[in-house]
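The structure under discussion appears below in the form of structure tokens.
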Amino acid sequence: GIVRAHTLEPTKAMNIECLMVLDRSIDRSAFRSVLLERGLCYHRMRSRIKADSSKWGRHFFVELDPEAIVDKMLHETRLTDGTWQDLQALLSRELLKPWRQDLPHWEVHVIRGLRRSPDLPGETALFFRL
Numbered sequence: 047g048i049v050r051a052h053t054l055e056p057t058k059a060m061n062i063e064c065l066m067v068l069d070r071s072i073d074r075s076a077f078r079s080v081l082l083e084r085g086l087c088y089h090r091m092r093s094r095i096k097a098d099s100s101k102w103g104r105h106f107f108v109e110l111d112p113e114a115i116v117d118k119m120l121h122e123t124r125l126t127d128g129t130w131q132d133l134q135a136l137l138s139r140e141l142l143k144p145w146r147q148d149l150p151h152w153e154v155h156v157i158r159g160l161r162r163s164p165d166l167p168g169e170t171a172l173f174f175r176l
């Protein structure tokens, strides 16, 4: 897998991206269950940031129902071409999207339809964005 952490400006929050290419397909409902059990058990993973409207501009967290948000955070995509360039184009589009303010700042993409090659040794990819 590839893990990358970056921030565009020193005063902005850092983004972490991770791409894992799997040698076989995964079951969406089983993966959803793992996210609920092992990922959304943490307070920050099921909370969104909300700015205080006072002059101090503080931030606090609003906890959301894990069952209500997991399907908004878990995306599934099938590539049309299935090449490394097709995957890169999809990831570039996803990285340019701003974070939704009504949800926690993380998401997972299950990307299907990869064509095996020396660059892509599997048929499914998981892309995590935090």
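Taking the numbering used here, the leading residue of the sequence shown gets 47, the next gets one more, and so forth.
We put the CB at the ideal spot given by N, CA and C, even for glycine.
Which word fits residue i, buried or exposed, when buried means at least 16 other C-beta atoms lie within 10 angstroms of its C-beta?
i    : result
V108 : exposed
A171 : buried
M60  : exposed
L141 : exposed
R92  : buried
I62  : exposed
What number of angstroms, rounded off, separates the C-alpha of residue i from the C-alpha of residue j?
i    : j    : result
S79  : P150 : 18 Å
K96  : Q147 : 8 Å
T123 : R94  : 25 Å
G128 : D111 : 35 Å
L136 : F173 : 10 Å
L133 : F77  : 21 Å
R162 : M66  : 14 Å
R180 : P164 : Because the chain spans 47 through 176 in this model, residue 180 falls outside it and cannot be assessed.
S138 : W152 : 16 Å
S75  : H121 : 12 Å
R84  : E113 : 13 Å
L81  : L68  : 17 Å
Check each candidate in the options and name the one with the smallest Cα separation from residue i.
i    : options                  : result
S72  : F174, E169 and R175      : For the record, residue 72 in the displayed sequence is Ile; it is not Ser. Looking at the Cα atoms, E169 is the closest of the given residues.
D115 : P164, C87 and T129       : At residue 115 the sequence reads Ile, which differs from the Asp that was named. I115 has its Cα closest to that of C87, out of P164, C87 and T129.
L160 : W130, S75, E113 and L65  : W130
H155 : K118, L110 and R92       : K118
R175 : D148, L82, P144 and I95  : P144
M64  : S163, R162, I157 and A76 : The amino acid occupying residue 64 in the given sequence is Cys; Met does not appear at that position. Closest by alpha carbon: I157.
L166 : E153, L125, R90 and S138 : L125
Whole runs of the alpha helix (DSSP H) within the region 93–171, excluding any shorter than 4 residues: 112–119 and 130–142
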